[in-house]
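Structure first, then comments.
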Amino acid sequence: MFGKKKTQTSTYDKENQKPILKCSICNGEQVAGLKDLRTGQFEEIMFISDENDLKHFMNMFGIDKVEKEY
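Add 317 to a position in the sequence shown, counting from 1, and you land on the number used in my numbering.
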């Protein structure tokens with residue numbers, strides 16, 4: 318009944334999409350999402366407000382490193 322919450326991994330098209338952080342130069346705001354490599358379109362997944370949010374996003378997609386884009 319009680320216990321550690323399982324992390325659910327999401328899937329994405331690894332050939333045509335990549336997880337990135339879209340970062341603002343002005344205010345440092347960060348939004349995590351998926352970028353379509355063919356069209357360049359960005360799909361927002363979540364707002365990153367601290368290190369825990371970033372870890373959660375990386376666990377969602379099973380990645381160790383995420384690129385930043387300005």
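Glycine included, C-beta positions come from ideal geometry on N, C-alpha and C.
Values in this document were obtained by computation on a predicted structure and should not be read as measured data.
E368: first and last residue of the uninterrupted alpha helix (DSSP H) it sits in: Taking the sequence shown and counting its residues from 1, one reaches residue 368 at position 51. Residue range 368-378 is occupied by the alpha helix (DSSP H) that includes E368.
Proximity below 8 Å, CB of I337 to CB of E368: By 1-based counting over the sequence shown, the position of residue 337 is 20. By 1-based counting over the sequence shown, the position of residue 368 is 51. Cβ atoms of I337 and E368: not closer than 8 Å.
Distance between E384 and N333 (C-alpha atoms, nearest Å): The residue you call residue 333 lines up with position 16 of the sequence shown. The residue you call residue 384 lines up with position 67 of the sequence shown. So the two alpha carbons sit approximately 16 Å from each other.
Within 8 Å, strictly: CB atoms of I365 and L351: As a first step, residue 365 must be located in the sequence shown, where it is residue number 48. As a first step, residue 351 must be located in the sequence shown, where it is residue number 34. The Cβ atoms of I365 and L351 do not sit closer than 8 Å to each other.
Which listed residue (A349, T356, F359) has its alpha carbon closest to that of G377: By one-based count along the sequence shown, residue 377 stands at place 60. Correcting the residue type first, residue 377 is Met in the shown sequence and not Gly. Out of A349, T356, F359, A349 has the C-alpha closest to the C-alpha of M377.
Bridge-paired residues (DSSP) for G350: The residue you call residue 350 lines up with position 33 of the sequence shown. BP columns for G350 point to I337, E361.
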